[in-house]
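In terms of the working numbering, the sequence shown opens at residue 3 and continues consecutively. Heads up: the structure comes next, in structure tokens.
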Amino acid sequence: MANFSYEIFAQVVTTKNFGQAAKTLNVTPSAVSHAISQLENELGFPLFIRNRTGVELTPDGQQVLPVIQHILNSEAQLKQVADQIRGLNLGSVRIGAFSSVCINWLPTIIRQFKKKYPGVEVTITQGTFSEIAEMTRVGSVDIGFATLPVDSQLQTESLIDDPIYCVTPADFVPKNKTYITTDDIGDYHFILQQIDYDRDTKKTLDQYNVAPKAITYSIDDQSILSMVESGLGFGILPKLALQKLTGDVNVYPFSHQYNRTICLSVNKTQADSPSTKLMLSEIHDYLAQRYQKEYLGQPAK
């Protein structure tokens with residue numbers, strides 16, 4: 003089995019702190035420090051830069067990370083295959099997703115999955131599109147939900163085209179009463195999450211000549227609705243993000259339809275893991291039933 007120092011290394015990368023890694027792994031901080039020092043001596047170069055708040059990977063450490071994660075993932079896959087041969091439904095699957103997937107899809111998917119496979123541990127990590135794609139690439143998560151485009155090294159499949167809408171105060175009605183045009187936007191400010199800019203929302207705003215100085219940033223989707231409800235500007239949000247948000251606002255399509263394509267990415271090492279395969283099947287079945295003809299992925303079995 004893989005050297006325990008590899009697991010310590012991966013946990014320090016995740017927590018960015020020797021003490022927290024020790025607590026998670028139920029070992030002493032000195033054991034963590036010794037293991038990392040020994041690994042650095044064996045490899046012949048530093049893996050971490052120590053600072054007041056914790057540690058961060060060196061450039062050499064960043065190159066080592068996906069290799070060590072690959073070893074750990076391969077070992078986990080071996081254990082799962084062995085459990086499967088012995089007739090045990092055990093294992094683990096790690097999912098990375100952005101907020102609207104965590105809120106709208108994953109609770110039902112995981113509940114249904116746990117009913118069928120109670121012995122499989124499921125963990126969720128929430129992050130931005132780029133963070134999830136990177137975690138999937140290096141193998142920190144097995145399955146990642148992101149939006150296209152993503153790294154070509156990943157095994158990726160499109161799931162749905164998610165339309166992007168304009169959110170306005172309740173007393174606003176577009177001139178044609180149906181959709182938003184450039185004339186409706188005028189001098190209105192737009193409110194969005196900063197992580198969304200430079201992606202699909204930027205394409206939409208650029209089309210309607212919305213300058214960066216006319217953009218205000220908020221911390222999350224619900225905050226965007228609250229600010230729009232207070233008359234501070236327009237919001238721009240995809241359909242999925244609007245599913246469970248509340249606020250006295252209007253939602254209109256733009257005169258030209260824009261979409262973000264939500265995709266499912268899988269770490270290639272973990273793609274053949276029994277638990278990953280079971281979870282992928284559950285995801286496909288749920289989304290195919292929910293979206294029917296709009297679903298872009300594999301059909302439900």
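All residues carry an ideal CB built from backbone N, CA and C; glycine is no exception.
| query | result |
| --- | --- |
| Proximity to Phe50 [Cα-Cα], best of Thr16, Lys25, Ala78 | Thr16 |
| Every unbroken alpha helix (DSSP H) within the stretch 218-301, with a cutoff of 4 residues, ordered by chain | 223-231, 241-244, 276-293 |
| Closest Cα partner of Leu234 within the set Gln128, His191, Thr184 | His191 |
| Whole beta strand (DSSP E) elements within the stretch 119-159, 3-residue minimum | 122-128, 145-149 |
| Three-state secondary structure (DSSP) of Pro31 | helix |
| DSSP-derived helix/strand/coil call for Trp8 | At residue 8 the sequence reads Tyr, which differs from the Trp that was named. Tyr8 falls in the helix class under three-state DSSP. |
| Cβ contact (3+ pairs, closer than 8 Å) linking the stretch 255-262 and the stretch 172-183 | yes |
| Cβ-Cβ distance between Ile187 and Ile226 below 8 Å | no |
| Selected residue, minimal CA-CA separation from Asn211, among Thr184, Asp223, Thr218, Tyr219 | Thr184 |
| Separation of Val140 from Leu27, as counted between CA atoms | 21 Å |
| Cβ pair count under 8 Å reaching 3, the stretch 274-287 against the stretch 194-209 | no |
| Among Pro240, Gln128, Ile70, the one whose alpha carbon lies nearest that of Asp62 | Ile70 |
| Simplified DSSP assignment, three categories, for Leu161 | strand |
| Helix, strand or coil at Gly188 according to DSSP, with G and I counted as helix | coil |
| Where Ala84 falls, given that 16 or more other Cβ within 10 Å makes a residue buried | exposed |
| Selection from Ala78, Lys116, Thr138 that minimises the alpha carbon distance to Leu266 | Thr138 |
| Cβ neighbours of Gln209 in the same chain (closer than 7 Å, five flanking residues each side left out) | His258 |
| Spatial distance of His36 from Ile87 (CA atoms) | 37 Å |
| Nonlocal neighbours in the same chain, by C-beta distance under 7 Å from Tyr293, ignoring five residues either side | Ile162 |
| Selected residue, minimal CA-CA separation from Glu231, among Ile264, His286, Cys168 | Cys168 |
| Under 8 Å between C-beta atoms of Ile285 and Asp164 | no |
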